[in-house]
Every structure is written in structure tokens, then in C-alpha cells.
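From first to last, the protein sequence lines stand for chains A and B. Quick note: the first sequence uses our numbering, first residue 1, plus one each step. Quick note: the second sequence uses our numbering, first residue 1, plus one each step. Reviewing the structure listed below.
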Amino acid sequence: MIPPIDASMLVHIIEIVIGGLLVGIGVHFVPVGGAPAAMAQATGVGTGTVQLAAGSGLTGLLSAGLMMNYTDSIFLVVISGAVGAMIMIDATMIVGNWVYIYGVGAPLASAKANYDPITKDSQAPYVAPGTVGQGIPTVCFVSGTIGGLLGGAGGSLIYYVLLKINGDPGLSAFFAIGIFVVNAVIASYNIQGTIEGFHDPKFKRVPRAFQVCLVASLIIAIFAVLISGGH
Amino acid sequence: MSVAAGGGAAKIDKTKLMMYGLGGGVLGIYLAHVLNEVTGTTYFSFLAGLGVIAAVVMGADATRRVCSYGIGTGVPSIGLMAMGMGLVAAMFGLSIGGVAGPIIGIAVSMGFGYFVGLLTNRIIKMNIPVMEETLMTLGGAGAIVLIGLGVMVSGVIDYRTIIGNVIDTGYIAIIFIAGSLAILHPFNANLGPDETQDRTLIHAVSAGALAMFATGLASLETIGSEGIISMIVAAIVWLVFFRRFFELVKRDSAGVKGTGLLPEGGL
Numbered sequence: 001m002i003p004p005i006d007a008s009m010l011v012h013i014i015e016i017v018i019g020g021l022l023v024g025i026g027v028h029f030v031p032v033g034g035a036p037a038a039m040a041q042a043t044g045v046g047t048g049t050v051q052l053a054a055g056s057g058l059t060g061l062l063s064a065g066l067m068m069n070y071t072d073s074i075f076l077v078v079i080s081g082a083v084g085a086m087i088m089i090d091a092t093m094i095v096g097n098w099v100y101i102y103g104v105g106a107p108l109a110s111a112k113a114n115y116d117p118i119t120k121d122s123q124a125p126y127v128a129p130g131t132v133g134q135g136i137p138t139v140c141f142v143s144g145t146i147g148g149l150l151g152g153a154g155g156s157l158i159y160y161v162l163l164k165i166n167g168d169p170g171l172s173a174f175f176a177i178g179i180f181v182v183n184a185v186i187a188s189y190n191i192q193g194t195i196e197g198f199h200d201p202k203f204k205r206v207p208r209a210f211q212v213c214l215v216a217s218l219i220i221a222i223f224a225v226l227i228s229g230g231h
Numbered sequence: 001m002s003v004a005a006g007g008g009a010a011k012i013d014k015t016k017l018m019m020y021g022l023g024g025g026v027l028g029i030y031l032a033h034v035l036n037e038v039t040g041t042t043y044f045s046f047l048a049g050l051g052v053i054a055a056v057v058m059g060a061d062a063t064r065r066v067c068s069y070g071i072g073t074g075v076p077s078i079g080l081m082a083m084g085m086g087l088v089a090a091m092f093g094l095s096i097g098g099v100a101g102p103i104i105g106i107a108v109s110m111g112f113g114y115f116v117g118l119l120t121n122r123i124i125k126m127n128i129p130v131m132e133e134t135l136m137t138l139g140g141a142g143a144i145v146l147i148g149l150g151v152m153v154s155g156v157i158d159y160r161t162i163i164g165n166v167i168d169t170g171y172i173a174i175i176f177i178a179g180s181l182a183i184l185h186p187f188n189a190n191l192g193p194d195e196t197q198d199r200t201l202i203h204a205v206s207a208g209a210l211a212m213f214a215t216g217l218a219s220l221e222t223i224g225s226e227g228i229i230s231m232i233v234a235a236i237v238w239l240v241f242f243r244r245f246f247e248l249v250k251r252d253s254a255g256v257k258g259t260g261l262l263p264e265g266g267l
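Shown next, in the form of C-alpha cells:
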């Protein structure tokens, strides 16, 4: 049964699109190194974009869902989701760094910048020959935290809006995951699987992902707002 | 075709696989629904699972074709994306379409996949010639897998029943991850210069059977002991096809030898 179309639906569509865009842009901030990073031969966390995005996004959804038990305020829910995702991605990066420093014995270094834009520390002398950096240096860590903020905020915004429409937490959460995954994969195609953070030259490709995520989220949003809770 | 990760040429044509996948998937879902409704039981839910296996083979072949180009993000990303697209489209179809829901969901998912493929090629400039067509196939496979496994758990094509039995119980999580693994794992496990299409697809059947088994386990709680039929059928399919997969592994490998365990102090 298609619900009646009204102006609030338009607002919901716009909110879902904003959520999708936040996810798509957020992925560009997260330092993803893929398989080379898992062998300490590239900067970033040693796994794929989608796994990282899914991990932080799901934690964001959990904390957003928890907050929804106590309040109806969209700001508190979105902030709670963002903080949850930031904690998750930060925990991943700091434990990863412990492994790189104490386990592998590699210095943290970025291969994309000669000087860390935040600490001004020299990077190039510490990059081992034949690799493209190791671990998660300060600039990547800060960038990853921003990525968690954007991704978590986007995911919980989508969840909040959907829950308002259909009133089913399970359906809304999995819808949010579906929209989240599509935008995260589009963004990871844009960065071709690896990126160091906002100082990486690949970061300049954000506008391309912005366009694709905008259109893709818009289409999904139109379908998503038409779905009723079935209760 | 530039082959980065995939191996030999395809022995089975993609159009044929797509026909079998879409046809088998839709047929399985509707047969399960109609037979369950007519007989007033849930004994036939396993047919939806067999439809899912057909769709998984179609999806695994699409994964194989697109990932042969080296998409740079790892094979899992595309399987998860297929399920993401499939989830939204499947629930939309079931929500507005009633019994016609699966068809609407599959069509919407395929259209969306084609569109995303078009955008990634045109704007992100992935320049993978099969992107549109494979994402379309993957979207269809994702939708069939979700609807089919959902019908296995709920017994009928009915939005309210599916919401109550699949979503609110949380079984959607099992369906989501087991379904996407069935689509992405076969090529992820077999890729390499010696990859052959028949081995990957046989592996896809056994991976699909495992997803069916897990869902059958979940359906014990929703449709009752009839769910055991799904589990038995899935176990038989898995046994048969995993044996065939192992035979193909032996065929394609230079040699298979048992080395025994490491000797004492061998580390």
C-alpha cells in the first residue's frame, strides 16, 4: 500500500539524501590501507573500506538506537550516532597502531605528505624503502575521526528519519545499513580502495563521489519513504 | 577482456546463467508460496531456498566477471553492495506489491543496479565495460536472495508476516550476511590465474546451500518443525556440491598431498 504523498515526505527524502552524502564523504576521510596495510606496507588500517565503514556505521546505529530510547531530539540522536562511530573507528586505529608499533616494529609514517600537516613532523625519512608508509600517523588519525563523525552522523540521520516514517526499529536499522553500504561502496570505488585521509591527493576526487552518492541516495530515498511499517 | 584476477574463459554463457538465475529464483519463491497456500502447510518453504541457490550462482558469476577487472576495493564490497541494493528494493516491492512484490522488488533492484553502474562508469570513471550489466545482475540476485530466504523463514509472500518473522526477530541479520557471503565468497575464494568458471559456480552452489541451511535453522522458530525439510535439503545439496567442488580443486591443482601434522617441536 503506497502511503499518501505529502510535503513531509519531501523533507524525509532530503534528510535521507543528506545522510547518504555524509556517509559517502565520510568514507574519504577514513585511512584505509587494504591488504598492503595489513602487511605494514602502506599507511592506514589494514582492511577494506566497506568493513571499516560497516563497523563504525553499525556502532553508530547502536548508539543512536540507544539514545532514541531516551529522547526524540534529532540532534541528540545524530550526535550520539556520530560519537559512537568515532569511538569505534578510534579504537580500531589505536589498537592497529599498537600492533604496527610494538608488534611489527614499524614507525608510523605517511607517504603522501613530506611533513605531517598537524604535527609538522618529517615523514619521508621514516617511510621504509619499497613501501608507501606504515601505520596511522597523527594526520590520518585525525582524518579518520572526522570520517567516523560524518559516517556515524549520516547513518543515524537515515535511521532516525526511517524510524519516524515506518515505526519499525529493525526495518529502519537494516534500511539504514543498506543505504550506508551502497554509499560506502560507491565512495570506495572513487578512492580505488585505499586513501590516507584529507591530505591524500585522492581526496580531491570527493566531488565525483558527491554526485554519484547524491543521485543514488535520492533514488533509494524515494523508495525508502514509500515503505510502510506493516503494523 | 583484461584479466586481472580471474582465469579461464567462461564455459557457460552469461545470458543463460541469468535466465536460469532469474527464472529459477522467481519460480522457487512463487512455488513455495503457492504450494504452501494451497496445502495450508509450510512444508514447501524449502523451494524458495532452491530458488535462492539459482540466484546465488547468477550473482557469483556476475561477481566473477566484474572482479576480474580488479576493482581495487576487494571482492566483498560488491557482494555487500548487491545485498544493500537488494534489501531496499525487496522491501519496497513486498511493501507495495503484495503477491506481485518479488517481481517488483527484483525489477527495481536491477534497474537501480544498472543506474549505479552507469554512474560509476560515467562520473567516477571506473571504465569497466561490464559494470552496468553486472551490477544489474547483482542487484537482481541480491533481491532474490533476500526475498527467497525471507519467504523460507516466513512461509508466505506477505509483507506483514515477513516483517514479523524476519525483521522483528532479527533473522534479517543472518539473511543479510549469509546471503551476501554466498554471492561474494565463491569468487573471493577461487580467484587467481588458475580460476575456472565451473569450479567457482559449483562452489557458489555449496555456499548458497550453506546460506539456506542457516536460514532453515532460523525458520525452525518461525514456521516450526517443517523448517527441518529446508535444512535436510540444504545439507544434501551442500554435501553433493562440496564433493564436486573438491574434485574440481583436485582437477585444477598441480597436486594434492596430505602432509600430516607438524612433527613434535617442528615449529
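All residues carry an ideal CB built from backbone N, CA and C; glycine is no exception.
>> Can you confirm whether PRO76(B), when its beta carbon is compared against all beta carbons of chain A, has any partner nearer than 9 Å?
In response: Locating residue 76(B) in the second sequence gives position 76, where the first residue counts as 1. At least one chain A Cβ lies under 9 Å of PRO76(B).
> Closer than 9 Å, CB to CB, is TYR189(A) near chain B or not?
Replying inline: Translated into the one-based positions of the first sequence, residue 189(A) becomes position 189. At least one chain B Cβ lies under 9 Å of TYR189(A).
>> At 4 residues or longer, what runs of the alpha helix (DSSP H) sit wholly inside the region 29-86 of chain A?
In response: Considered as a whole, the region 29-86 of chain A harbours 34-38, 49-68 as its complete alpha helix (DSSP H) runs of no fewer than 4 residues, in chain order.
> What are the partner residues of TYR115(A), as DSSP defines its beta bridges?
Replying inline: Taking the first residue of the first sequence as 1, we reach residue 115(A) at position 115. TYR115(A) pairs with SER122(A).
>> Please list, in chain order, the residues of the region 155-172 of chain A that have any C-beta partner in chain B closer than 7 Å.
In response: ASP168, GLY170, LEU171
>> With a threshold of 8 Å on Cβ separation, who are the neighbours of ALA216(A) within its own chain once the five nearest residues in sequence on each side are excluded?
In response: Stepping through the first sequence from its first residue, residue 216(A) is reached at position 216. Excluding sequence neighbours, ALA216(A) sits near GLY20, VAL182, ASN183, ILE186.
>> Against SER217(A), what residues of chain B qualify as contacts under a CB-to-CB distance less than 8 Å, listed in chain order?
In response: Reading the first sequence from its first residue, position 217 is the one you call residue 217(A). Chain B residues near SER217(A): none, gap ~11 Å exceeds 8 Å.
> Where do the ends of the beta strand (DSSP E) carrying GLY23(B) lie?
Replying inline: As a working mapping, residue 23(B) is identified with position 23 in the second sequence. From DSSP, GLY23(B) is part of no beta strand (DSSP E) but of the alpha helix (DSSP H) over 14-39.
> In whole angstroms, what is the alpha-carbon distance linking ILE163(B) and GLY154(A)?
Replying inline: In the second sequence, counting from the first residue as 1, residue 163(B) sits at position 163. In the first sequence, counting from the first residue as 1, residue 154(A) sits at position 154. For ILE163(B) and GLY154(A), the distance between alpha carbons rounds to 25 Å.
>> With three or more beta-carbon pairs closer than 8 Å as the criterion, would you say the region 187-207 of chain A touches the region 140-148 of chain A?
In response: Yes, the region 187-207 of chain A is in contact with the region 140-148 of chain A.
>> Could you check whether SER230(B) and GLY216(B) sit closer than 9 Å to each other, using their CB atoms as the reference points?
In response: Counting from one through the second sequence, the residue named residue 216(B) turns up at place 216. Counting from one through the second sequence, the residue named residue 230(B) turns up at place 230. Contact: yes.
> Is the beta carbon of ILE29(B) less than 9 Å from the beta carbon of ILE147(B)?
Replying inline: Here residue 29(B) refers to the residue found at position 29 of the second sequence. Here residue 147(B) refers to the residue found at position 147 of the second sequence. Taking 9 Å as the Cβ cut-off, ILE29(B) and ILE147(B) qualify as a contacting pair.
> Can you pull the DSSP bridge partners for GLY133(A)?
Replying inline: Residue 133(A) sits at position 133 when you count from the first residue of the first sequence. Paired residue(s): SER110(A).
> Which class does ILE195(A) belong to by DSSP, given the choice of helix, strand or coil?
Replying inline: Within the first sequence, numbered from 1, the residue matching residue 195(A) stands at position 195. Looking at ILE195(A) - three-state DSSP - the assignment turns out to be strand.
> Using DSSP with H/G/I as helix, E/B as strand and the rest coil, what is TYR69(B)?
Replying inline: The residue you call residue 69(B) lines up with position 69 of the second sequence. The answer is coil: DSSP assigns TYR69(B) none of H, G, I, E or B.
>> So, with DSSP's three-state summary, where would you put LEU191(B)?
In response: Here residue 191(B) refers to the residue found at position 191 of the second sequence. Here LEU191(B) sits in coil by DSSP.
>> Let me make sure I understand the geometry here. Which of SER56(A), VAL206(A), VAL11(A) has the alpha-carbon closest to that of ILE89(A)?
In response: For the purposes of this step, residue 89(A) is taken as the residue at position 89 of the first sequence. Per the Cα distances, SER56(A).
> For THR49(A) and chain C, any beta-carbon pair shorter than 9 Å?
Replying inline: Looking at the structure shown, chain C is missing, and the protein chains on hand are A and B.
>> With a threshold of 9 Å between beta-carbons, can SER253(B) be considered close to chain A, or not?
In response: For the purposes of this step, residue 253(B) is identified with residue 253 of the second sequence, where counting begins at 1. So no, SER253(B) is outside the interface.
> Nearest-angstrom Cα distance between ILE220(A) and LEU248(B)?
Replying inline: Counting from one through the first sequence, the residue named residue 220(A) turns up at place 220. Counting from one through the second sequence, the residue named residue 248(B) turns up at place 248. So the alpha carbons of these two residues sit roughly 41 Å apart.
>> Using a 10 Å radius around the Cβ and a threshold of 16 neighbouring Cβ atoms, would you call LYS112(A) buried or exposed?
In response: By one-based count along the first sequence, residue 112(A) stands at place 112. Per the 10 Å Cβ criterion, buried.
> Taking buried to mean at least 16 other C-beta atoms within 10 Å of its own C-beta, is TRP98(A) buried or exposed?
Replying inline: Along the first sequence, read from residue 1 onward, the residue named residue 98(A) stands at position 98. The Cβ neighbour count for TRP98(A), taken over all protein chains shown within 10 Å, is under 16; the residue is labelled exposed.
> Does ALA4(B) get closer than 9 Å to chain A when you measure Cβ to Cβ?
Replying inline: Position 4 of the second sequence, counted from the start, is the residue given in the question as residue 4(B). Unreliable positioning characterises ALA4(B) in this predicted model, as indicated by a pLDDT of 49, which lies under 50. A coordinate reading is not provided.
>> Any beta carbon from chain B within less than 9 Å of VAL95(A)'s own beta carbon?
In response: Residue mapping note: residue 95(A) aligns to position 95 of the first sequence, counting from 1. Chain B, which has no Cβ nearer than 9 Å to the Cβ of VAL95(A), makes this no.
> Apart from the five residues just before and just after LEU118(B), which ones in its own chain have a Cβ nearer than 6 Å to its Cβ?
Replying inline: Translated into positions along the second sequence, residue 118(B) becomes position 118. Result list for LEU118(B): GLU132, in chain order.
>> Within 9 Å of any Cβ in chain A, is that where the Cβ of LYS257(B) sits?
In response: One-based indexing of the second sequence puts residue 257(B) at position 257. It does not: the Cβ of LYS257(B) has no partner Cβ on chain A nearer than 9 Å.
> Going along the chain, which unbroken runs of the alpha helix (DSSP H) with 4 or more residues stay wholly within the region 180-257 of chain B?
Replying inline: 197-222, 227-252
>> Going by beta-carbon coordinates alone, are ALA234(B) and GLY49(B) separated by less than 9 Å?
In response: In the second sequence, counting from the first residue as 1, residue 234(B) sits at position 234. In the second sequence, counting from the first residue as 1, residue 49(B) sits at position 49. Closer than 9 Å, so yes.
> Does DSSP put SER228(A) in a helix, in a strand, or in coil?
Replying inline: The count along the first sequence starts at 1 and reaches residue 228(A) at position 228. Three-state result, SER228(A): coil.
>> So for PRO201(A), helix, strand or coil by DSSP?
In response: Taking the first residue of the first sequence as position 1, residue 201(A) is located at position 201. Residue state, collapsed to three classes: helix.
> Taking 9 Å as the CB-CB limit, is VAL153(B) close to chain A?
Replying inline: If you number the second sequence from 1, residue 153(B) lands on position 153. Not closer than 9 Å to any Cβ of chain A, the Cβ of VAL153(B) fails to qualify, so no.
>> Rounded to the nearest angstrom, what separates LEU214(A) and ILE16(A) at their Cα positions?
In response: By one-based count along the first sequence, residue 214(A) stands at place 214. By one-based count along the first sequence, residue 16(A) stands at place 16. Distance between the alpha carbons of LEU214(A) and ILE16(A) is about 10 Å.
> Applying a beta-carbon distance threshold of less than 9 Å, which residues of chain B neighbour PHE198(A)?
Replying inline: Against the first sequence, residue 198(A) aligns to sequence position 198. What PHE198(A) touches in chain B: nothing, since even the nearest Cβ is about 19 Å away.
> Helix, strand or coil: how does DSSP classify LYS11(B) here?
Replying inline: As a first step, residue 11(B) must be located in the second sequence, where it is residue number 11. Correct three-state label for LYS11(B): coil.
> How many Å lie between THR15(B) and ASP61(B) at the Cα?
Replying inline: Taking the second sequence and counting its residues from 1, one reaches residue 15(B) at position 15. Taking the second sequence and counting its residues from 1, one reaches residue 61(B) at position 61. Using only the alpha carbons, I get a separation of about 11 Å.
> Is LEU22(A) close to chain B, meaning its C-beta is less than 9 Å from at least one C-beta of that chain?
Replying inline: Here residue 22(A) corresponds to residue number 22 of the first sequence, with the count starting at 1. LEU22(A) does not count as touching chain B.
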